[in-house]
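Protein chains: 4
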Amino acid sequence: MAANTARSKTVRSKTPTRPSKIQLDDLVLANKILFRFNVVDAFGHISVRDDRDPKNRYLMARHLPPGMVTAKDIVTFDMDSNPLTHTDKAQMSERFIHGEIYKLRPDVISVVHCHARPLIPFGTAKGAKLRPMTHMCGFLGCGVPIYEIRDAGGMTDMLVRTAPLGKALAETLGDKTVVLMRGHGATMVGESIQEAVFRAVYAMDNAVVQMQAHALAIGGEVEFLSDEEAAKSSRGRNVPRAWSLWKHQMTARG
Amino acid sequence: MAANTARSKTVRSKTPTRPSKIQLDDLVLANKILFRFNVVDAFGHISVRDDRDPKNRYLMARHLPPGMVTAKDIVTFDMDSNPLTHTDKAQMSERFIHGEIYKLRPDVISVVHCHARPLIPFGTAKGAKLRPMTHMCGFLGCGVPIYEIRDAGGMTDMLVRTAPLGKALAETLGDKTVVLMRGHGATMVGESIQEAVFRAVYAMDNAVVQMQAHALAIGGEVEFLSDEEAAKSSRGRNVPRAWSLWKHQMTARG
Amino acid sequence: MAANTARSKTVRSKTPTRPSKIQLDDLVLANKILFRFNVVDAFGHISVRDDRDPKNRYLMARHLPPGMVTAKDIVTFDMDSNPLTHTDKAQMSERFIHGEIYKLRPDVISVVHCHARPLIPFGTAKGAKLRPMTHMCGFLGCGVPIYEIRDAGGMTDMLVRTAPLGKALAETLGDKTVVLMRGHGATMVGESIQEAVFRAVYAMDNAVVQMQAHALAIGGEVEFLSDEEAAKSSRGRNVPRAWSLWKHQMTARG
Amino acid sequence: MAANTARSKTVRSKTPTRPSKIQLDDLVLANKILFRFNVVDAFGHISVRDDRDPKNRYLMARHLPPGMVTAKDIVTFDMDSNPLTHTDKAQMSERFIHGEIYKLRPDVISVVHCHARPLIPFGTAKGAKLRPMTHMCGFLGCGVPIYEIRDAGGMTDMLVRTAPLGKALAETLGDKTVVLMRGHGATMVGESIQEAVFRAVYAMDNAVVQMQAHALAIGGEVEFLSDEEAAKSSRGRNVPRAWSLWKHQMTARG
């Protein structure tokens, strides 16, 4: 991390050129999809490693509701979550979620942070555990840890507004795909913008169905995917297929 | 209050000039937002202290569904909830909710009264208590009292249609942000129109999530924000950010 | 009833003139409102006593989904539910619900029959009882009987497709405002089209909230309106106010 | 089946002409209806026996989200689920669900496969059983089996991507109308596209209501349709009436 920091300072001294059009377009579209499907409301954000320098930079919108984000609002950050562009604008106070995860997880290309409502109960009801109900959510089969901000920061305003809090969150996430945040929301990661969005939408979806299944079982058992089923079903053509539909829907209705 | 009444009588004898355009615009927009997000249906209302004479007057629409309110429907009331304009029109029978809260709470600038569905169970299920699930609802951390109209008025038609019933409600609210009304709905206050609307939307939101968390815990414990977390998280940039989105949405779709 | 039958036979021999435009417009609008708010889907119907001969005739659409009904689809029926117009068209098999209620309830001007989803559990869960949660549903305070078609017809296809089944339903309704139909839906009545529609929308609404309240109370008590509160709150300006909004919404969006 | 296979090989050697316009139109419309009513999302499919050779061919869209399907995307398959057209395109990996059901069920004309959310709990909560709540769902009265893919395939990715897995599903379906698939979704059949779509929409609908009824009964009894009521009520004019509305809705809004 020390090396990263040094490098990013060097980068900052150069004038950053514009991110690639494909990344800008996908990131803007991702913001709109997350808003349309109620993963985010006025709050929440999505980032992606910057194609131009994926080890040291990421892209994310400035402080704006996701549904209002356009390409010109996309900021370039270094891995310490310092803005390299748009420095005259307000930035997301929780950008450290993104930077700190990228530092610890070289495999992660994109990060979503949200307050998706159906995920909140799984982070607050004692003993509840989000588990994969169907093959669309095999990515939950590796386990879904819960981040307790009190462990890292004591009594806070609940926001991950510093690097140490972000680092603690990244460590709780570990090698998983989704981390729930008690009294706050959730963060999910992917190997692409598309995968991170897919996991956000379907993790939320899984939560709704799982709550219903527990209620229907009235305290009895629910049959989840086995670890093997979850692992096998988390691959395949699901992500591009869902993305193609969402892109189609966003284009059709603005 | 006696002084207020005397003063308002004086005011009434003058011809009231028009409220400021910004207040009219915000109040009309607030009506539309509350309707769009199902905080209100054909019923419910929002008021604001009149900028021209905030100690003695407030503004609120005449007897109309909130979704139909326009600037020309905004009435000026004195703090005894007598209309100073639009005196030939029918007025909200429950306007005393607003006037009586303004009398007791000089810090309150805006009041919302609604029948938001998810809040009803928390006012009627014995032992239920609305508590902050996330940092978006830190304003619930100070406690949410329940108004029992039977205590003030015996067996009524449930409406706060007199000054004494309004005063009893204001006293039950006390120094809090939200008061639930058994068998009726809820009333919430803020230091601005934006804050009152924000609290109405997110109190309702909190109720939905809290019901799910209790169901998921199946009688077990749910972890709410601590008092300190709630107090710390009720500040910040949330209100203007949400308002900017809602304004954008209303403008985009009429 | 014998007299009614005799009279309607006389009426049938005359050429019926068109119903009043106001009744046609309101009845078509009512169909659209019930569809928009999910009281009905492809199924369900609403009728009104014919202004031209309210003792002996009623108006209702021919066999069509409510969302597709236009003024030219409104049929005139006698109180035995024989169509006096549109005799070349298919008619609702359950029109006897309407005719038989009009025979037994001279105070009833309009009847809605629907399969509104949230009402179904209250007709099928043993021991459940629909009761008024708020002052919007004071009309439920007089009690909500449940029609068991097995008592009148044994094992049927569940449809009220004969006069005797309709009469049994009307008798179960008695002097109430709403009757639930086990394994089928509900029927509600009003002194106007507007009131019948209002009761349909808000009975459904009450059911949703009541289910949530019972779940939140986890087997504990829920505080309903008292009989006196219900009786007092079932009067007032609610019906015209809601209708004005719904009419506005239907006109604005077609 | 051996005969079917031989025949289909012959068919494949001929140049297939276009399917009938009415089948193409209905199949495209069915895709749109299933999408609009959330029976399917980016995933799920519907097929129909090909009118030109109903014993040996069926029609279904290529690998596409149902909401994006147009007439030119409809592929002709033989009963072994080999594509006879569009052979340069990706196909649904689970097409074997369709072919194997057609082989075992000569009465079935159309098959829907979906992940409709409310049906998932009934396939995963131990002891839960989907049963007919109202006369709209009489088709559930014959019983709703649950397909456990582990019995046929052990630990898989949950997809019915081979003929043997499809055959096992068809055998679990037996002579019923709907089969739930544990950790996956459901498959329903009909004597027409319209009936298969109707059953998909209303099975989902029934699931929602049944979960609410169980919750309201708090572990107590729910009264379902008796076998006789279910059998009697599964006939009638319901399917064409619902279809006429859905067609109207799709045409009105694209």
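Order-wise, the sequence lines are chains A, B, C and D. All the letters of the first sequence, read from the start, carry residue numbers 0 to 253 under numbering that gives the first Met the number 0. All the letters of the second sequence, read from the start, carry residue numbers 0 to 253 under numbering that gives the first Met the number 0. All the letters of the third sequence, read from the start, carry residue numbers 0 to 253 under numbering that gives the first Met the number 0. All the letters of the fourth sequence, read from the start, carry residue numbers 0 to 253 under numbering that gives the first Met the number 0. The beta-carbon is built from N, C-alpha and C at its ideal position, and this holds for glycine as well.
Write down every uninterrupted run of the alpha helix (DSSP H) in the region 59-103 of chain D whose length is 4 residues or greater and which is fully enclosed by it, in chain order.
95-103
Are serine 232/C and leucine 224/C touching if we call contact CB-CB under 8 angstroms?
yes
Glutamate 228/D classed as buried or exposed, judged by whether at least 16 other C-beta atoms fall within 10 angstroms
buried
Anything in the region 219-253 of chain D with a Cβ closer than 8 angstroms to a Cβ of chain C? List those residues in chain order, please.
Gly219, Glu220, Val221, Glu222, Phe223, Leu224, Ser225, Glu227, Glu228, Lys231, Ser232, Arg234, Gly235, Arg236, Asn237, Arg240, Ala241, Ser243, Leu244, Trp245, His247 and Gln248
If we cut at 8 angstroms on Cβ distances, does proline 82/A have a partner in chain B?
no
Using the C-alpha atoms, what's the distance from methionine 203/B back to alanine 115/B?
7 angstroms
Is the beta carbon of valine 110/C closer than 8 angstroms to that of alanine 162/C?
no
Since I believe threonine 84/C is in contact with valine 221/D (beta carbons under 8 angstroms), could you give me their beta-carbon distance rounded to a whole number of angstroms?
Their Cβ separation, rounded to whole angstroms, is 42 angstroms, which puts valine 221/D and threonine 84/C out of contact at 8 angstroms.
Taking the alpha helix (DSSP H) that glycine 165/D falls in, what are its first and last residues?
162-172
Quick check: the Cα distance between phenylalanine 95/D and histidine 183/D, rounded to an integer number of angstroms?
15 angstroms
At a CB-CB cut-off below 8 angstroms, which residues of chain A make contact with threonine 133/B?
His114, Ile119, Met157, Gly182, His183 and Gly184
Excluding the 5 residues flanking proline 64/D on each side, which residues of the same chain have their C-beta closer than 7 angstroms to its C-beta?
Ala41
Short of 7 angstroms in beta carbon distance, which residues of its chain neighbour lysine 246/A, apart from the five on each side in sequence? Order them along the chain.
Leu28
For lysine 125/B, is the classification buried or exposed, using 16 other Cβ atoms within 10 angstroms of its Cβ as the cut-off for buried?
exposed
Could you tell me how far apart the beta carbons of cysteine 113/B and alanine 185/B are, in whole angstroms, since I believe they sit closer than 8 angstroms?
6 angstroms
Mind checking which residues open and close the alpha helix (DSSP H) that includes leucine 28/D?
20-35
Is there a C-beta anywhere in chain A that falls below 8 angstroms from the one on aspartate 24/B?
no
Listed by chain order, chain B residues near alanine 41/C by CB distance under 9 angstroms
Result: empty, since nearest Cβ-Cβ is about 25 angstroms, beyond 9 angstroms.
Select from Ala212/C, Gln193/C and Ser92/C the residue whose C-alpha is nearest the C-alpha of proline 131/C.
Ala212/C
Determine the contact status of alanine 214/A and alanine 214/D, defining contact as a CB-CB distance below 8 angstroms.
yes
Taking the straight line between their C-alpha atoms, what separation do you get for isoleucine 108/D and glycine 189/D?
6 angstroms
For the region 59-81 of chain D, which residues have a CB atom closer than 7 angstroms to at least one CB atom of chain A, in sequence order?
Pro64, Gly66 and Met67
Ordered list of beta strand (DSSP E) runs contained in the region 129-156 of chain D, each at least 3 residues
none
Rounded to whole angstroms, what's the CA-CA distance from serine 46/A to isoleucine 148/C? Just pull it up for me.
59 angstroms
Can you tell me the Cα-Cα spacing of arginine 56/D and proline 18/C, whole angstroms?
53 angstroms
Just verifying my parser: in three-state terms, what is the DSSP assignment at histidine 112/D?
strand
Contact under 8 angstroms by Cβ, valine 39/C with glutamate 93/C:
no
How is the alpha helix (DSSP H) around arginine 198/A delimited, first residue to last?
192-216
With a threshold of 8 angstroms between beta carbons, is histidine 213/C in contact with chain D?
yes
Hey, would you say the C-beta of threonine 186/B is under 7 angstroms away from at least one heavy atom of the ligand NAP?
This structure lacks the ligand NAP, and indeed carries no ligand of any kind.
Output, in sequence order along the chain, the residues in the region 186-210 of chain D whose CB is closer than 8 angstroms to any CB in chain C.
Asp204, Val207 and Val208
Which residue comes first and which comes last in the alpha helix (DSSP H) that contains alanine 254/B?
Residue coverage of chain B in this structure runs from 0 to 253, which leaves residue 254/B outside it and unanswerable.
What first and last residue would you give for the beta strand (DSSP E) that runs through threonine 186/C?
184-189
Using DSSP with H/G/I as helix, E/B as strand and the rest coil, what is alanine 251/A?
helix
Give me the chain A residues within the contact set of alanine 167/D, using Cβ-Cβ distance strictly less than 7 angstroms, ordered along the chain.
Per Cβ cutoff of 7 angstroms: no residues; alanine 167/D is ~16 angstroms from chain A at best.
Using the rule of at least 16 other Cβ atoms within 10 Å of the residue's Cβ for burial, across every protein chain shown, is asparagine 30/D buried or exposed?
buried
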